[in-house]
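K.L.:
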Amino acid sequence: MGVEVHDPRWLAAVPGAELVVALDEVAEHAADGHRVTVLIDLVPDNVFMLRGLAAEAVGEGARKVRVRPYGVDRVDLVYAAVELNRVAEDDAVEVQFDVTSAALLRADPAAFVRVDPLVVTADGTVVPICAGLERYALGSLGSLDDLVAAWDPEPVRDLCRVALTRALADTGPLVSWYEHLTRTADGMRAGC
Numbered sequence: 007m008g009v010e011v012h013d014p015r016w017l018a019a020v021p022g023a024e025l026v027v028a029l030d031e032v033a034e035h036a037a038d039g040h041r042v043t044v045l046i047d048l049v050p051d052n053v054f055m056l057r058g059l060a061a062e063a064v065g066e067g068a069r070k071v072r073v074r075p076y077g078v079d080r081v082d083l084v085y086a087a088v089e090l091n092r093v094a095e096d097d098a099v100e101v102q103f104d105v106t107s108a109a110l111l112r113a114d115p116a117a118f119v120r121v122d123p124l125v126v127t128a129d130g131t132v133v134p135i136c137a138g139l140e141r142y143a144l145g146s147l148g149s150l151d152d153l154v155a156a157w158d159p160e161p162v163r164d165l166c167r168v169a170l171t172r173a174l175a176d177t178g179p180l181v182s183w184y185e186h187l188t189r190t191a192d193g194m195r196a197g198c
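Residue numbering for the sequence shown follows the numbering used here, starting at 7 and increasing by one per position.
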């Protein structure tokens with residue numbers, strides 16, 4: 007099960023975890039010798055700056071560029087996908103665009119009813135899949151193995167099933183899966 011951490015102090019507690027930071031933190035953590043993933047929140051106001059933001063992150067030492075869309079329309083999602091493909095090719099950097107194709111949702115819905123990766127937020131809270139699902143938190147990081155052993159992941163799978171139904175109603179070619187998850191979680195009554 008993959009784990010991402012949003013504060014380097016948790017790296018020692020979770021060996022092999024991916025360090026995910028904001029653009030303004032990349033240089034500092036790369037200089038400290040960490041393999042850094044930059045997380046760029048894609049919103050309507052920065053769609054056309056995406057290429058420049060990604061290039062800046064790579065220039066500062068990011069080894070991976072991850073883009074998470076919020077409230078971006080279908081046309082801008084496609085534009086961003088094209089730009090991120092250019093980033094991957096031009097900068098020889100790994101790119102993760104947190105969208106999926108509507109066709110894949112329909113073809114393999116079981117792949118989206120899952121509880122990983124685990125995310126360690128800056129304060130040490132461990133949540134499944136992505137930040138924004140704090141209501142489904144496993145707890146605070148002490149021993150990750152103990153948290154996982156005591157955790158009932160079924161409410162997260164239920165959340166994924168409901169979000170999948172909503173995402174399948176989205177008619178665009180690309181679907182912002184994590185955005186569907188966090189919006190659905192905000193509307194559901196129960197967490198873990």
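For every residue, glycine included, the Cβ atom is placed at its ideal position computed from N, Cα and C.
In its own chain, which residues sit with a C-beta less than 7 Å from the C-beta of His186, not counting the 5 before and 5 after it?
P.N.:
Hits under 7 Å: Ala169, Arg172, Ala173.
K.L.:
Who are the Cβ neighbours of Trp16 in its own chain at under 8 Å, not counting the five residues just before and after it?
P.N.:
The residues are Ala23, Val126, Gly130, Leu147.
K.L.:
Considering only the alpha carbon of each residue, which of Tyr142, Val93, Ala117, Asp97 lies closest to Thr190?
P.N.:
Nearest C-alpha to Thr190: Tyr142.
K.L.:
Out of curiosity, what's the CA-to-CA distance linking Val119 and Ala87?
P.N.:
Looking at the two C-alpha atoms, the distance is approximately 24 Å.
K.L.:
Is the distance from the Cβ of Ser182 to the Cβ of Asp114 below 9 Å?
P.N.:
No.
K.L.:
Less than 9 Å between the C-beta atoms of Arg69 and Thr43, yes or no?
P.N.:
Yes, the Cβ-Cβ distance between Arg69 and Thr43 is below 9 Å.
K.L.:
What is the residue span of the beta strand (DSSP E) that Glu100 lies within?
P.N.:
Note, Glu100: beta strand (DSSP E), 100 to 103.
K.L.:
Going straight from the alpha carbon of Leu25 to that of Asp152, what length do you get?
P.N.:
Spanning the two alpha carbons is a distance of roughly 21 Å.
K.L.:
Assign Thr171 to one of three DSSP states: helix, strand, or coil.
P.N.:
DSSP places Thr171 in helix when its eight states are reduced to three.
K.L.:
Going by DSSP in three states, Leu90 sits in which element: helix, strand or coil?
P.N.:
Residue state, collapsed to three classes: helix.
K.L.:
Can you tell which of Gly65, Glu31, Asp82 has the C-alpha that lies nearest to the C-alpha of Asn52?
P.N.:
Minimum Cα distance to Asn52 is reached at Asp82.
K.L.:
Skipping 5 residues on each side, what residues in its chain have a beta carbon closer than 6 Å to that of Leu150?
P.N.:
So the qualifying residues of the chain are Val20.
K.L.:
Classify Glu100: buried if its beta carbon has 16 or more other beta carbons within 10 angstroms, exposed otherwise.
P.N.:
Glu100 should be labelled exposed.
K.L.:
Kindly indicate which residue of Ala94, Gly77, Ala33, Asp122 has the alpha-carbon position closest to the one of Ile135.
P.N.:
When each option's Cα is compared against that of Ile135, the closest is Asp122.
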